[in-house]
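Student: I have a structure I would like to understand better, so I am pasting it below and will then ask my questions one at a time.
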Amino acid sequence: MPVERVLPTTDAADLIELTREIARRELAPRVEQAEASATPPREVFGTLGRAGLLSLPYPEEYGGGGQPYEVYLQVVEELAAAWMSVAVGVSVHSLTVFPVDKFGSDSQRKVLLPDMLGGEFLGAYCLSEREAGSDIASMRTRATVADDGSATISGTKSWISHAGKADYYTSFLRTDDTGGKGISCFVVPADAPGLSFGSPERKMGLDGDPVAEVHYEKVPVSADRMIGERGQGMSIALAALDAGRLGIAAAATGLAQSAVELAASYAKERVQFGRAIADNQGLAFLLADMDAQTAAARATYLHAARLKDAGRPFSKEAAIAKLIATDAAMKVTTDAVQVLGGAGYTKDFPAERFMREAKVTQIFEGTNQIQRLVISRHLLRQVGNGKGSNA
Amino acid sequence: MNIVVCVKYVPDAQADRTFSQDNTTDRTNVDGLLSELDEYAVEEALKLAEAGEGEVTVVTVGPDGAAEAIKKALQMGADKGVHVLDDAIHGSDAPATSLVLAEAVKKAAGGSPELVLMGLASTDGTMSVVPAMLAERLGLPQITQLSSLEIADGKVTGRRDSDAASDTLEAPLPAVVSVTDQINEPRYPSFKGIMAAKKKPVETWSLADLGVDAGQVGLESAWTKVESFTARPPREQGEIVTDEGDGGTKLAEFLAKAKLI
Ligand SMILES: Cc1cc2nc3c(=O)[nH]c(=O)nc-3n(C[C@H](O)[C@H](O)[C@H](O)COP(=O)(O)OP(=O)(O)OC[C@H]3O[C@@H](n4cnc5c(N)ncnc54)[C@H](O)[C@@H]3O)c2cc1C
Ligand SMILES: Cc1cc2nc3c(=O)[nH]c(=O)nc-3n(C[C@H](O)[C@H](O)[C@H](O)COP(=O)(O)OP(=O)(O)OC[C@H]3O[C@@H](n4cnc5c(N)ncnc54)[C@H](O)[C@@H]3O)c2cc1C
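Residue numbers (the working numbering), protein chains in the order written: chain A, 2 to 392; chain B, 16 to 276.
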């Protein structure tokens, strides 16, 4: 059941066709086995990269697809409907490019972007630490900057997607002891001496996404690898996350879509009490709610994307999209397990995997509590004080 | 080297496939696509063209929707397309299809092509005869069903694998070559390819443009005729062997009965 989409150009419509073809021919046949054995699908990213799907929202002059977020995100949603780990990987890769594209100097963009957007490279985004998750301003991994601007990095980042599989590590590091104002952004190549990786976390799901610690032991980086100003790291990280959250929202929507389709088709075939379970209104209404929540998730992320594409502020809407879409994915996948009954609880059907995959979307790229923090801060700043005031 | 690739537009095997009133394959009311087996021929042509100089032209004979097959090949990287479109072609058999293709290939290549590449078989008709017929009509050597291919010194060389043996075949160029699904891994179009394809030239030719008499093609002049057809019976429930300690024996008996062991 292909999702009905309104796309701005025929190029975008063809792009969605291409995405569906790759999802059908390359992702669908591999997902079960790779997730069951926790095998990172590095070669799948190669296929996506050569097709141009790893660089869609970035400028054409550096090898990107020059696509608006409205289009890029719908591609992510289509990928997620086939394989969540791959869609998350595409979103994370986009996140790693963002600082260079938005905050890099012209020469940094010229040097770094062609590889990042070339299709063969995969990036990792190194922000979180064991003791600094939601509270990133408390991070401790340190880059000691010398007089010539070169730096030496020591410390450990945690929970890093693509750790050990990436070609470069977009890293946020402490350069001064001034809290959130003392963080700077660096792009560290994978072959930098002193870089090593922990063993993969044993996660609840999303097993195709290898997550591990990144250890920096006196890793040297040259001056031209610092992105933006010294001390600008925190605002770069937050700006990147505004965009990244939309990727997670789109992926969560695709996951919910697959859960709805699985549940609806199962309900039409499964017979109890002499009729299909879907013929019970009590169950059909559950399916209706699942479908409605998925559609609402899609509408919410597309609204935020269109604001971003129009160059308008979209931080609040991105947080709303992440909150709504990931909560919808959690609810819808849980209900899908319910619709499949005992079968839903077995690994013979993907419903239980969908449910495990949905959970993490409420946690990473800012937990849903943090999204509420962002939304409420914007909201309270936007409204005036007291009753009747419209200042 | 200038290469012509013949590609067929076929009904999507994943969707419902049906027949029209006149017992021909319904090609208009179904989702169609570039025959997946022809993607290998397109890929091989692109690799040859990329390795040296040359241009890849794709030719299809088919209804309106067949433009999709050309579009896909252009998105993959072919340079230009030719669509032979004429109502009179409807219902054509393999000899007629090869007649139209022969004229189209000659015209597309401006005389004789240097290399014509084709698929192993179409995924709908699966007769695997059009390449041989086309070679005959063009008066060119044919090497069919190659799973490897090399061009050097004005010759095409390749391997044809069968159950019992592998042959190495060679022909002087120009030649007609068909390739199997073992020869390469076809690329997907890239997003850049999709955008570039929009600017590539596609010509649409009628039978008159090719100088082919409409009386030589179509359902009426086909050498064979589909009299009737029966839908494949629905799959039957398999036999369940209950293991009461003798499961292995029962399984062996079942397989022996089916002449599988
Ligand atoms: C599969 C996976 C992949 C990941 N990939 C990456 C990656 O590629 N790069 C990266 O940098 N990080 C990554 N992360 C880390 C992820 O972003 C963090 O786990 C997340 O930001 C939460 O941090 P934490 O785990 O330390 O939770 P904590 O911050 O310890 O939060 C624990 C709980 O407290 C709540 N909480 C915290 N502060 C507040 C508050 N002020 N008000 C109300 N509630 C609060 C949280 O919502 C949460 O429920 C990944 C995590 C996972 C699980
Ligand atoms: C259900 C059914 C009904 C049919 N009905 C009739 C009928 O009523 N009367 C009748 O005479 N015949 C009928 N045919 C035969 C049909 O017309 C042939 O299948 C067709 O002419 C070409 O043969 P093929 O598709 O088997 O090609 P193959 O020989 O299997 O194709 C090999 C290669 O030739 C090339 N090629 C084949 N066709 C084209 C094309 N159109 N354009 C460009 N390249 C091409 C491709 O490179 C392809 O990979 C029927 C076939 C089927 C399956």
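Cβ coordinates follow ideal geometry from the N, Cα and C atoms, glycine included.
The model shown is predicted, which means the values in this text are computed figures rather than measured ones.
In three-state DSSP terms, what is residue 211/A?
Tutor: coil
Student: Are the beta-carbon atoms belonging to residue 82/B and residue 57/B less than 8 Å from one another?
Tutor: no
Student: For residue 133/A, which three-state DSSP category applies?
Tutor: Strand at residue 133/A.
Student: Identify every residue that forms a DSSP beta bridge with residue 161/A.
Tutor: 213/A
Student: Counting contacts by CB-CB distance shorter than 8 Å, is residue 250/B in contact with chain A?
Tutor: no
Student: Under 8 Å, do residue 201/A and residue 213/A count as touching if we go by C-beta distance?
Tutor: yes
Student: Just tell me which of 305/A, 341/A, 342/A has its CA closest to the CA of residue 324/A.
Tutor: 305/A
Student: Taking the continuous beta strand (DSSP E) assigned at residue 133/B, which residues delimit it?
Tutor: 130 to 133
Student: Going by beta-carbon coordinates alone, are residue 284/A and residue 265/A separated by less than 8 Å?
Tutor: no
Student: Here's a check: name, in chain order, each residue in its chain whose Cβ is nearer than 7 Å to the Cβ of residue 227/B, leaving out the five neighbours to either side.
Tutor: 114, 115, 118
Student: In terms of alpha-carbon separation, which member of 112/A, 41/A, 75/A lies closest to residue 57/A?
Tutor: 75/A
Student: Taking only heavy atoms of ligand 1 into account, decide whether any of them is closer than 7 Å to the Cβ of residue 108/A.
Tutor: no
Student: With DSSP as the reference, identify every bridge partner of residue 193/B, one or two as the case may be.
Tutor: 133/B
Student: Rounded to the nearest angstrom, what separates residue 155/A and residue 176/A at their Cα positions?
Tutor: 11 Å
Student: Please list, in chain order, the chain B residues whose beta carbon lies closer than 9 Å to that of residue 276/A.
Tutor: Here the premise fails: no neighbours, minimum Cβ distance about 22 Å.
Student: Alpha carbon to alpha carbon, how far is residue 64/B from residue 20/B?
Tutor: 12 Å
Student: Under 8 Å between C-beta atoms, does residue 23/A make it to chain D?
Tutor: Of the chains in the structure shown, none is chain D; the protein chains are A and B.
Student: For residue 203/B, would you say it is in contact with chain A, using Cβ-to-Cβ distances shorter than 8 Å as the test?
Tutor: yes
Student: With distance defined between alpha-carbon atoms, name the residue in 17/B, 210/B, 140/B, 198/B nearest to residue 127/B.
Tutor: 17/B
Student: Give the secondary structure of residue 105/B by DSSP, where H, G and I count as helix, E and B as strand, and everything else as coil.
Tutor: coil
Student: Exposed or buried, what is residue 28/B when buried is set at 16 or more other beta-carbons lying within 10 Å of its beta-carbon?
Tutor: exposed
Student: Would the stretch 137 to 156 of chain B and the stretch 179 to 192 of chain B be scored as touching if the rule is three or more Cβ pairs under 8 Å?
Tutor: yes
Student: Are the CB atoms of residue 88/A and residue 77/A within a distance shorter than 8 Å?
Tutor: yes
Student: Can you list the residues of chain A that residue 207/B reaches, using a CB-CB cut of under 8 Å?
Tutor: 53, 66
Student: With a threshold of 8 Å between beta-carbons, can residue 48/A be considered close to chain B, or not?
Tutor: yes
Student: So, is the C-beta of residue 392/A closer than 8 Å to a C-beta in chain B?
Tutor: In this predicted model, residue 392/A has a pLDDT of only 46, less than 50, meaning its place in the structure is not dependable enough to derive any value.
Student: Does residue 84/A pass the burial test, meaning 16 or more other C-beta atoms within 10 Å, or should it be called exposed?
Tutor: buried
Student: State the start and end residues of the unbroken alpha helix (DSSP H) segment that holds residue 38/B.
Tutor: Taken as a continuous stretch (DSSP letters only), residue 38/B belongs to no alpha helix (DSSP H), as it is neither H nor E.
Student: Grab me the residues of residue 315/A's own chain with a C-beta within less than 6 Å of its C-beta, minus the 5 sequence neighbours each way, in chain order.
Tutor: 305, 308, 309.
Student: Considering only heavy atoms of ligand 1, does any lie closer than 7 Å to the CB of residue 160/A?
Tutor: Yes, ligand 1 has a heavy atom inside 7 Å of this Cβ.
Student: Which one of 226/A, 358/A, 366/A has the shortest CA to CA distance from residue 109/A?
Tutor: 226/A
Student: Compute the Euclidean distance between the alpha carbons of residue 392/A and residue 384/A, then round it to the nearest angstrom.
Tutor: With a pLDDT of 46 at residue 392/A, under the threshold of 50, the modelled position of this residue cannot be trusted; read the value that follows with caution. Looking at the two C-alpha atoms, the distance is approximately 8 Å.
Student: Which residue from 199/B, 111/B, 72/B, 97/B puts its Cα closest to that of residue 12/B?
Tutor: Since the first residue of chain B shown is 16 and the last is 276, residue 12/B is not available in this structure.
Student: Identify, in the order they occur along the chain, each residue of the same chain with its Cβ nearer than 7 Å to the Cβ of residue 47/B, setting aside the five sequence neighbours on each side.
Tutor: Only 24, 25, 26, 27, 80, 83 meet the Cβ criterion.
Student: Using a Cβ cut-off of 9 Å, pull out every chain B residue sitting near residue 12/A, in sequence order please.
Tutor: 206, 209, 210, 213
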